[in-house]
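Mapping of the sequence shown onto the working numbering: position 436 corresponds to residue 665, and the numbering continues sequentially without gaps. Where a beta carbon is used, it is the ideal one built from N, C-alpha and C, also for glycine. Small disclaimer: the values here were computed from a predicted structure and weren't measured.
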Amino acid sequence: MTRKQFAQADPVYRAYLVGGALRQERALLSLDDSLNELELLAETAGIDVLGRSSQLVRQIKPKTMIGSGKLAEIIEQAVMLAANVLIFDDELSPRHQREIEKQLSEDIRLLASSALILDIFAQHARTSEGALQVELAQYECRLPRLTRQWTHLARQAGGGGARGGSGGVGLRGPGETQLEVDRREIARKLTKLNGDLEQGRAHRSLHRDRRRRSGLPLVALVGYTNAGKSTLINALAGSDVYAADKLFATLDPTTRRVELPDGREILLSDTVGFIQKLPTTLIAAFRATLEEVVETDLILHVADFSHRNAAQQIEAVEDTLAEIDAAHIPRLLVLNKIDNLDGALPEVGHIDNYVETMAISARHGQGLEDLLSAIRDAIERQRMRLDVVIPYQAGSVYSELNDKQYIETERTSEAGWELSLRLPQAEVDTYQPFAVNNAAEST
């Protein structure tokens, strides 16, 4: 039975998890905690986990990643438990995948954690752009791993999303065509997908420019998956963004208007959740969506403060922000789910580079008023003061400044409207021609 026939004959997936780590390596999570997270990922993908095993090694084995004896023991245990999927808690090189698959029977599939994450993303993509991004990541992940044991390659990638299909690269992902035409076919698909995504990127850029012209500050929610971002945006905006207590419950970005304590409004955007070992192909594919973060005025980093690995999850998000060149944007740390804590707040170590740290419960509304005030103060600290005189014949400019809520004080004179503005630094050059002084001052 080929692997394709196996997948069709036995659609119920039963997994055995495998973890491996270097003895001297400083890992973000302990090996056991990382396997716990892998188990949650597997359950999110609809896979039953039957068992697990791990090994600390002095160096990564060039053929089998972990020791060959340990691998044989793991395969024997997986067979005994009737597992049909072997999931490694790390990225597998093409050689690792090829050599390990040689030792597996036809009724056991091999997956890396990155393939599992792609599969979950494929299931949760609900918009056309989200499905395209997942499909791009699937093909980029699969291209270097083509081998002759696969008989055909997907004509359509899937995801239980807008484009239809049956899911991701790992379990529900693309199938295979003949190897001799695979690479040309994938290259063609990659070119088309990148072109389609570029159109979406241009469309999204126009939306961002339109929002910028409205003068409303842009605030992005980021955080580890299942930190409570969707619950928070619902609580702040009174909206109904889908929220559930599971990994990657929401994937596609959502933007809502939120009113601050002084009556001004911001645009608050929810983004895809991050996770340790997030596949680089997925980050690259979602770069257009993640530009929402890069172009924002303020980042709200939402963390599950009740999680035992809260500090490590915060670090994983910070690493991803640095990878997408967003580390320079002012950030406010929001420690969520304090309602799940028993007793005193846990220690998360020294946290720097944040304008402020807030403890809240998005589910129960605890601390939200203070959070809104902190958002307002953080935005105001970034604004510049500029004194201008707008001639009466330039009434449209005065109306624009008024609509954007940039006017702090005003009075009329023979020359026109004499205004004291407080505005984003990015907007200073726009109104500099009307300035009384030569430069704006920081507020």
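{"query": "In angstroms with no decimal places, state the Cα-to-Cα distance between D554 and E305.", "result": "45 Å"}
{"query": "Skipping 5 residues on each side, what residues in its chain have a beta carbon closer than 7 Å to that of L339?", "result": "L315, Q326, I329, E330 and L333"}
{"query": "Whole-angstrom Cβ separation of D348 and K506, contact assumed at under 8 Å?", "result": "Not really, about 14 Å apart at Cβ, beyond 8 Å."}
{"query": "Please look up how many angstroms separate the CB atoms of L270 and S342, rounded, as I've assumed it's under 8 Å.", "result": "7 Å"}
{"query": "Mind checking which residues open and close the alpha helix (DSSP H) that includes A250?", "result": "Note, A250: premise wrong, no alpha helix (DSSP H); beta strand (DSSP E) at R243 to L251."}
{"query": "Express the C-alpha separation of R324 and G248 in angstroms, rounding to a whole number.", "result": "18 Å"}
{"query": "What number of angstroms, rounded off, separates the C-alpha of L264 from the C-alpha of V278?", "result": "11 Å"}
{"query": "Going by DSSP in three states, H353 sits in which element: helix, strand or coil?", "result": "helix"}
{"query": "Assuming Q611 contacts L258 (C-beta within less than 8 Å), just tell me the rounded distance between them.", "result": "Contact flag wrong, Cβ pair sits at about 34 Å."}
{"query": "Looking only at its chain, what residues have a beta carbon closer than 8 Å to the beta carbon of A607, apart from the 5 residues adjacent to it on each side?", "result": "L527, P559, L561, V584 and E585"}
{"query": "In whole angstroms, what is the alpha-carbon distance linking A274 and G452?", "result": "20 Å"}
{"query": "Per the contact definition of three or more C-beta pairs closer than 8 Å, is the stretch 651 to 664 in contact with the stretch 617 to 627?", "result": "yes"}
{"query": "Give a yes or no on whether the C-beta atoms belonging to L461 and I289 are separated by under 9 Å.", "result": "no"}
{"query": "Where does the unbroken alpha helix (DSSP H) through I608 begin, and where does it stop?", "result": "L597 to Q611"}
{"query": "Could you tell me how far apart the beta carbons of G594 and A464 are, in whole angstroms, since I believe they sit closer than 8 Å?", "result": "6 Å"}
{"query": "Enumerate in chain order the residues of its own chain whose CB-to-CB distance from L601 is below 6 Å, with the five nearest sequence positions on each side excluded.", "result": "L489 and P490"}
{"query": "Can you tell me which residues form a DSSP beta bridge with R640?", "result": "E647"}
{"query": "Inspect the beta-carbon positions of A344 and V363 and report whether they are closer than 9 Å.", "result": "no"}
{"query": "To which residues of the same chain is A556 closer than 6 Å at the C-beta, ignoring the five residues directly before and after it?", "result": "L550"}
{"query": "With a cut-off of 8 Å on the beta carbons, I'd call R485 and S468 a contact; round off their distance for me.", "result": "5 Å"}
{"query": "Thinking C-alpha only, which one of P446, E358 and D571 is nearest N423?", "result": "E358"}
{"query": "Got a sec, what are the start and stop residues for the beta strand (DSSP E) S498 sits in?", "result": "E494 to D499"}
{"query": "Quick one: grab the DSSP three-state call for K458.", "result": "helix"}
{"query": "Expressed to the nearest angstrom, what Euclidean distance is found between the alpha-carbon atoms of L426 and E639?", "result": "45 Å"}
{"query": "At what residue ranges does the stretch 314 to 348 contain a whole run of the beta strand (DSSP E), taking only runs of 3 or more?", "result": "314 to 317 and 338 to 341"}
{"query": "Just to confirm, are A312 and I337 a CB contact at a threshold of 9 Å?", "result": "yes"}
{"query": "Kindly indicate which three-state DSSP category A655 falls into: helix, strand or coil?", "result": "helix"}
{"query": "Buried or exposed: which applies to N538, given that a residue is buried once 16 or more other Cβ atoms fall within 10 Å of its Cβ?", "result": "buried"}
{"query": "Between which two residues does the alpha helix (DSSP H) harbouring V308 extend?", "result": "S297 to M309"}
{"query": "Just the C-alpha distance for K292 and A466, rounded to the nearest angstrom, thanks.", "result": "52 Å"}
{"query": "If I measure Cβ to Cβ from G645 and keep anything under 6 Å in the same chain, skipping five residues before and after, which residues do I get?", "result": "V618, I619, P620 and Y621"}
{"query": "Secondary structure at T586, three-state DSSP: helix, strand or coil?", "result": "strand"}
{"query": "Since I believe L570 is in contact with D499 (beta carbons under 8 Å), could you give me their beta-carbon distance rounded to a whole number of angstroms?", "result": "Not quite, the Cβ-Cβ distance comes to about 24 Å (not below 8 Å), so this is no contact."}
{"query": "Flag this pair as yes or no: are the beta carbons of D695 and N455 separated by less than 9 Å?", "result": "Beyond the ends of the chain as shown, which are 230 and 672, falls residue 695; an answer cannot be given."}
{"query": "Who are the near neighbours of A591 in its chain, counting only those whose CB is closer than 7 Å to its CB and skipping five residues on each side?", "result": "G457, T460, L461, A464 and N565"}
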